[in-house]
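Undergrad:
There are 2 protein chains.
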Amino acid sequence: MYNFQFSNPTKIVFGKGQIQNIGQEIDSSHRVLLMYGGGSIKKNGVYQQVIESLSNHDLVEFSGVEPNPSLETLSKAIELVESKGIDYILAVGGGSVIDGAKFVAAAAKFEGDDPWDILAKGAKVVSALPLSCILTLPATGTESNGNSVITKRSTQDKLPFSSPHVYPQVAILDPSVTFSLPPRQVANGVVDAFVHTIEQYLTYDVNAPVQDRFAEGLLSTLIEEGPKALSEPDNYDVRANIMWAATMALNGLIGVGVPQDWATHGIGHEITALHGLDHAQTLAIVLPSLMREKKEHKAAKLLQFGRRVWGITEGSDDAIIEQAIAKTAAFFEEMGVPTTLSGYGIEASAIDALVAQMEKHKLHAMGEHKDINPDVARRILENAA
Amino acid sequence: MYNFQFSNPTKIVFGKGQIQNIGQEIDSSHRVLLMYGGGSIKKNGVYQQVIESLSNHDLVEFSGVEPNPSLETLSKAIELVESKGIDYILAVGGGSVIDGAKFVAAAAKFEGDDPWDILAKGAKVVSALPLSCILTLPATGTESNGNSVITKRSTQDKLPFSSPHVYPQVAILDPSVTFSLPPRQVANGVVDAFVHTIEQYLTYDVNAPVQDRFAEGLLSTLIEEGPKALSEPDNYDVRANIMWAATMALNGLIGVGVPQDWATHGIGHEITALHGLDHAQTLAIVLPSLMREKKEHKAAKLLQFGRRVWGITEGSDDAIIEQAIAKTAAFFEEMGVPTTLSGYGIEASAIDALVAQMEKHKLHAMGEHKDINPDVARRILENAA
Chain E
1 MYNFQFSNPT KIVFGKGQIQ NIGQEIDSSH RVLLMYGGGS IKKNGVYQQV IESLSNHDLV
61 EFSGVEPNPS LETLSKAIEL VESKGIDYIL AVGGGSVIDG AKFVAAAAKF EGDDPWDILA
121 KGAKVVSALP LSCILTLPAT GTESNGNSVI TKRSTQDKLP FSSPHVYPQV AILDPSVTFS
181 LPPRQVANGV VDAFVHTIEQ YLTYDVNAPV QDRFAEGLLS TLIEEGPKAL SEPDNYDVRA
241 NIMWAATMAL NGLIGVGVPQ DWATHGIGHE ITALHGLDHA QTLAIVLPSL MREKKEHKAA
301 KLLQFGRRVW GITEGSDDAI IEQAIAKTAA FFEEMGVPTT LSGYGIEASA IDALVAQMEK
361 HKLHAMGEHK DINPDVARRI LENAA
Chain B
386 MYNFQFSNPT KIVFGKGQIQ NIGQEIDSSH RVLLMYGGGS IKKNGVYQQV IESLSNHDLV
446 EFSGVEPNPS LETLSKAIEL VESKGIDYIL AVGGGSVIDG AKFVAAAAKF EGDDPWDILA
506 KGAKVVSALP LSCILTLPAT GTESNGNSVI TKRSTQDKLP FSSPHVYPQV AILDPSVTFS
566 LPPRQVANGV VDAFVHTIEQ YLTYDVNAPV QDRFAEGLLS TLIEEGPKAL SEPDNYDVRA
626 NIMWAATMAL NGLIGVGVPQ DWATHGIGHE ITALHGLDHA QTLAIVLPSL MREKKEHKAA
686 KLLQFGRRVW GITEGSDDAI IEQAIAKTAA FFEEMGVPTT LSGYGIEASA IDALVAQMEK
746 HKLHAMGEHK DINPDVARRI LENAA
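Protein sequences appear in the order of chains E and B. Each residue of the first sequence is one higher than the one before, counting from 1 in this note's numbering. Each residue of the second sequence is one higher than the one before, counting from 386 in this note's numbering.
Shown next as structure tokens:
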């Protein structure tokens, strides 16, 4: 096991009927910016619960945070923070809204000229407004980590940043609000959480059985519960298990002390930036092909993955590995998420431009061995055409 | 899954060579009470690393915290805190030293007449001195939770308290300092962590696969790594895996949203109080017998435990359960920890006095069904004679 540091300050408030307690979690002295997306929270009752619970708070609303939240939209929120004297942010929504709120929280305290430098130039975040969140779509784990991904529409750049200052203070997770999600969003969330787990697990072999087994536990849970969320959309336990698995998949815990390979995300972000695919759709395209590309390096862990997660006991090592990869792709397809570029109408001729974007973003050393460069990514995309 | 709240503020600093960084973690404005036990930290080099790292801090030492830390000993530390103007506590040692430090931290800020009321009368802890710890013996999980168990020697009472105010701020875990532990302490730690995990897992069936699989992952790790720690005492990875498993077993995570059964601890504490057995020895006596006593209530989970943790695939449900219980007891015995009262020279005639202690402490509703009372505990002890 590698040396590591781990802490996670987010307070999780999990379960039915918890949203109405948000008012108790935020000191009423704060002037709160309530950020949300396209208005689904007004249809499913979440908005009403939040407004009622915060009736004693000074509240300013900012709606319209889009999927793949953009610098262009969030800049308007930053202006609002300044003009209205906002000192606390409450994000209500999925990963996009929460990621957007993190950027606004950091930008509001940023001392440089242009907050986009946080993403484009790695400018350090030294403080941020306090923020909390109410999660309505389990997927990215952003509700209890310091990560955020923002898109600059004008240049088609989709870039991440991380800071300990943007961990949500409180995250309320009520699985019952996910009953009304469209199946596509449910499926995307399951695929996203699955891939996060894989990226912290499926690397070369470091002796860390606790982390391995935790990761395998999340993968098995997502495999069992994911299809049930589509076939039994009102099953509370199913929704709760997926929601908790998605949080645990990216709160930092399963990744302590082990190598990580975030190449699937690196490559996937470029597909979203150029073609507008949902984030999880891009991961479903890249991951199975990346597994095949790196089969030799990752052989020991792929074998363990095949045996423990997929329960494959028969066949040669190579046959078990191939079957594990095939089952992973079949799982994504079963969730309704295609695993090829052509499944989304993207032709192989589009790969050149994707590779050029990776060159532009200097993605020359992806993967736990830092050996996935744009040329290797080209092969991965060609094999996923 | 039940509704739950979860947060854990402790910062974990894990790995080789980390102890020398303790000075950076504690602001040098503090006047620090350095608490430790019988002096083993002077033999294994830990003391020297701590003193060097804290060379710029104002430091007062308090040594001699004994196993099953006593009110009598800790009262002297509380006096020292007051007389020397201490405002920070650093505990260096195993669970006893850290538990003792938590009591001192809470007692120093206690506003009632007698700090023992925190344990004897459940008096609320409303604040505590800040504390951090350097863990030298993986076992209790106290390095990242708000729990503490203190013994009043004069009355033979061994009682727990919990407070969010006594979570260590920083916990340094260097697995290499555990190389020099006596085998008995290594074995005790593995058994303790195993039983903590079981107590949050082996209950009636609530649908919570993430928690189940995390618990199973810890149990499997302890089963695999525990005997290796005895046969390969200098194997760093083995020590690291046990240390991390023991922390994860009782930092609150695996117990969220599920029923819990702490009857093994409840009964075990009385055996330690009256007979001076090591904490883990008492758990090894009680747990297998408690599993048999509650076999019907816990049948579904016992079956899952047998299949997933022990890999038993053949036989009737009852045969799998019986085998799982037998394997659990055999595992403790393999670690050198006997699983009967007679294994420690305690005769069956001692059970009356143990039951009387449980009556005195009003342990009338132990277990996840609150149906383990002193009469049931008597049967459990008789079957473990």
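Positions of the beta carbon are idealized from the N, C-alpha and C atoms, including for glycine.
#1: Is the Cβ-Cβ distance between residue 34 (chain E) and residue 60 (chain E) less than 8 Å?
#2: CB-CB under 6 Å to residue 492 (chain B), same chain, minus the five flanking residues each way: which ones, in chain order?
#3: Go through its chain and collect everything with a Cβ distance to residue 30 (chain E)'s Cβ below 6 Å, but skip five positions before and after it.
#4: Can we say the region 265–284 of chain E touches the region 215–230 of chain E, given the rule of at least three CB pairs closer than 8 Å?
#5: Check whether chain B comes within 8 Å of residue 244 (chain E), counting only Cβ atoms and requiring the distance to be less than that.
#6: Who are the near neighbours of residue 588 (chain B) in its chain, counting only those whose CB is closer than 8 Å to its CB and skipping five residues on each side?
#7: Determine, using beta carbons only, whether residue 11 (chain E) comes closer than 8 Å to chain B.
#8: Between the alpha carbons of residue 502 (chain B) and residue 490 (chain B), how many angstroms are there, rounded?
#9: For residue 435 (chain B) versus residue 485 (chain B), is the C-beta spacing smaller than 8 Å?
#10: Evaluate residue 664 (chain B) with the Cβ neighbour count: other Cβ atoms within 10 Å of its Cβ, from every protein chain shown; 16 or more gives buried, anything less gives exposed.
#11: Does chain E have any CB closer than 8 Å to the CB of residue 399 (chain B)?
#12: Hey, residue 210 (chain E) and residue 2 (chain E): beta-carbon distance below 8 Å or not?
#13: Given a cut-off of 8 Å on the beta-carbon distance, is the pair residue 12 (chain E) and residue 144 (chain E) in contact?
#14: According to DSSP, is residue 208 (chain E) part of a helix, a strand, or is it coil?
#15: In angstroms, rounded to a whole number, what distance separates the CA positions of residue 634 (chain B) and residue 25 (chain E)?
#16: So, residue 148 (chain E) versus residue 84 (chain E), is the Cβ gap smaller than 8 Å?
#17: Please report the straight-line C-alpha distance between residue 511 (chain B) and residue 494 (chain B), rounded to a whole angstrom.
#18: To which residues does DSSP link residue 556 (chain B) through a beta bridge?
#19: Take residue 452 (chain B) as the anchor and find which of B:479, B:437, B:584 has the nearest alpha-carbon.
#20: State whether the region 722–729 of chain B contacts the region 663–681 of chain B, with contact taken as three or more CB pairs (one from each stretch) at a distance under 8 Å.
#21: So with CB distances below 7 Å, who are the chain E contacts of residue 403 (chain B)?
#22: Which complete beta strand (DSSP E) runs does the region 47–122 of chain E hold, if anything under 3 residues is left out?
#23: Taking a contact to mean a Cβ-Cβ separation below 8 Å, would you say residue 227 (chain E) touches residue 335 (chain E) in this structure?
#24: Any idea which residues DSSP pairs residue 157 (chain E) with across the strands?
#25: Alpha carbons only, please: which of E:374, E:7, E:16, E:216 is nearest the one belonging to residue 556 (chain B)?
#26: Does any CB atom of chain E fall closer than 8 Å to the CB of residue 598 (chain B)?
#27: Taking 8 Å as the cut-off, decide whether the C-beta atoms of residue 361 (chain E) and residue 373 (chain E) are in contact.
#28: Mind reading off the beta-carbon distance from residue 562 (chain B) to residue 694 (chain B)? Whole number of angstroms is fine, and I expect it under 8 Å.
#29: Could you give the distance in angstroms between the alpha-carbon of residue 709 (chain B) and the alpha-carbon of residue 638 (chain B)?
#30: Taking 8 Å as the CB-CB limit, is residue 626 (chain B) close to chain E?
#31: Using a 10 Å radius around the Cβ and a threshold of 16 neighbouring Cβ atoms, would you call residue 192 (chain E) buried or exposed?
#32: What does residue 194 (chain E) reach in chain B if we use C-beta pairs closer than 7 Å?
#33: Which of the three DSSP states is assigned to residue 751 (chain B) in this structure?
#34: Do residue 571 (chain B) and residue 631 (chain B) count as a contact pair if the criterion is CB distance below 8 Å?
#35: Flag this pair as yes or no: are the beta carbons of residue 426 (chain B) and residue 466 (chain B) separated by less than 8 Å?
#36: Of the residues that make up the region 583–594 of chain B, which ones have a beta carbon closer than 8 Å to any beta carbon in chain E?
TA: Working from what's here:
#1: Yes, they are a contact pair.
#2: Result list for residue 492 (chain B): 463, 500, in chain order.
#3: A distance below 6 Å between beta-carbons, with the five flanking residues on each side excluded, links residue 30 (chain E) to the following residues of its chain, in chain order: 87, 88.
#4: The region 265–284 of chain E is not in contact with the region 215–230 of chain E.
#5: It does: the Cβ of residue 244 (chain E) has a partner Cβ on chain B nearer than 8 Å.
#6: Hits under 8 Å: 643, 644, 645, 646, 683, 686, 753.
#7: Yes, residue 11 (chain E) counts as interfacial toward chain B.
#8: Between residue 502 (chain B) and residue 490 (chain B), the alpha-carbon positions lie close to 15 Å from each other.
#9: No, the pair does not count as a contact, with Cβ atoms beyond the cut-off.
#10: It is buried - the Cβ of residue 664 (chain B) has at least 16 other Cβ atoms within 10 Å.
#11: Closer than 8 Å: yes.
#12: The answer is no: Cβ separation not under 8 Å.
#13: Yes, the Cβ-Cβ distance between residue 12 (chain E) and residue 144 (chain E) is below 8 Å.
#14: Three-state DSSP puts residue 208 (chain E) in coil, outside helix and strand.
#15: Using only the alpha carbons, I get a separation of about 28 Å.
#16: Their beta carbons are not under 8 Å apart, which means residue 148 (chain E) does not touch residue 84 (chain E) by this criterion.
#17: Going by the C-alpha atoms only, they are around 8 Å apart.
#18: Checking the DSSP bridge columns, you'll see residue 556 (chain B) partnered with B:397, B:518.
#19: Nearest of B:479, B:437, B:584 to residue 452 (chain B), Cα basis: B:479.
#20: Three or more beta-carbon pairs drawn from the region 722–729 of chain B and the region 663–681 of chain B are found closer than 8 Å, and the two stretches are therefore classed as touching.
#21: In chain order: 3.
#22: Fully enclosed beta strand (DSSP E) runs of no fewer than 3 residues occupy 58–62, 88–93 of the region 47–122 of chain E, in order along the chain.
#23: Contact: yes.
#24: Paired residues: E:152.
#25: Of E:374, E:7, E:16, E:216, the residue nearest in Cα terms is E:7.
#26: Between residue 598 (chain B) and chain E, the shortest Cβ-Cβ separation is below 8 Å.
#27: It is not a contact, given that the beta carbons lie outside the stated cut-off.
#28: That belief does not hold up - the Cβ atoms of residue 562 (chain B) and residue 694 (chain B) are roughly 29 Å apart, past 8 Å.
#29: Between residue 709 (chain B) and residue 638 (chain B), the C-alpha separation is close to 25 Å.
#30: Chain E, which has a Cβ nearer than 8 Å to the Cβ of residue 626 (chain B), makes this yes.
#31: Counting Cβ neighbours within 10 Å, residue 192 (chain E) comes out buried, since at least 16 surround it.
#32: Contact note: residue 194 (chain E) does not reach chain B at a C-beta cutoff of 7 Å; the least C-beta distance is about 13 Å.
#33: If DSSP states are grouped into helix, strand and coil, residue 751 (chain B) belongs with the strands.
#34: No, they are not a contact pair.
#35: In terms of Cβ geometry, residue 426 (chain B) and residue 466 (chain B) do not form a close pair [threshold 8 Å].
#36: Of all residues in the region 583–594 of chain B, the ones placed with a Cβ closer than 8 Å to any Cβ belonging to chain E are 592, 593, 594, in chain order.
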